[in-house]
Amino acid sequence: MRMKSIAALAATAILGSALGWAAAAASYQKTGVVKEVAADSFTLDLGKEEWRFYTDGGTAGKDALKAGDKVTVSYKQVATKVESKGAAKAPAKKK
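Under mature numbering (1 follows the signal peptide of the UniProt record, and there is no 0), the residues of the sequence shown are numbered -22 to -1, 1 to 73, in order.
Okay, structure coming up:
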């Protein structure tokens, strides 16, 4: 099965509370059935794919999650690290 991990959920909760810029990040939603719940994450079955969401102490509603529950998850994608690889090469000129 195809599993997408969304670590940005935890990063958003941590960085969003500490830094004002996180509030400007776009917000997204996924609705599905909770497949499994762990201490720091849960898996959401979306029908054709599954997504794993990571949680932390600031994640609202996580303590009430149970396998089989239909839920809507609100999340943000926030970069936690960016590494520069140098300038992009210019495309070759056509002759």
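C-beta: ideal position from N, C-alpha, C; glycine also.
Could you tell me the boundaries of the beta strand (DSSP E) in which residue 52 lies? From DSSP, the beta strand (DSSP E) with residue 52 extends over 48 to 54.
Beta carbon of residue 31 nearer than 9 Å to that of residue 53: In this structure, the beta-carbon distance from residue 31 to residue 53 falls below 9 Å.
How should residue 9 be labelled, buried or exposed, when 16 other C-beta atoms within 10 angstroms of its C-beta is the threshold for buried? By the 10 Å Cβ count, residue 9 comes out exposed.
Contact test: residue 72 Cβ vs the ligand MG heavy atom, cutoff 8 Å: The ligand content of the structure shown is nil, which means the ligand MG is not present either.
Determine contact between the region 37 to 48 and the region 13 to 24, defined as no fewer than three beta-carbon pairs at a distance below 8 Å. Inter-segment contact for the region 37 to 48 and the region 13 to 24 is present: three or more beta-carbon pairs are separated by less than 8 Å.
Cross-strand partners of residue 9 (DSSP beta bridge): Beta-bridge pairing links residue 9 to 50.
Do residue 24 and residue 49 come within 9 Å of each other at the CB atom, strictly closer than that value? Not closer than 9 Å, so no.
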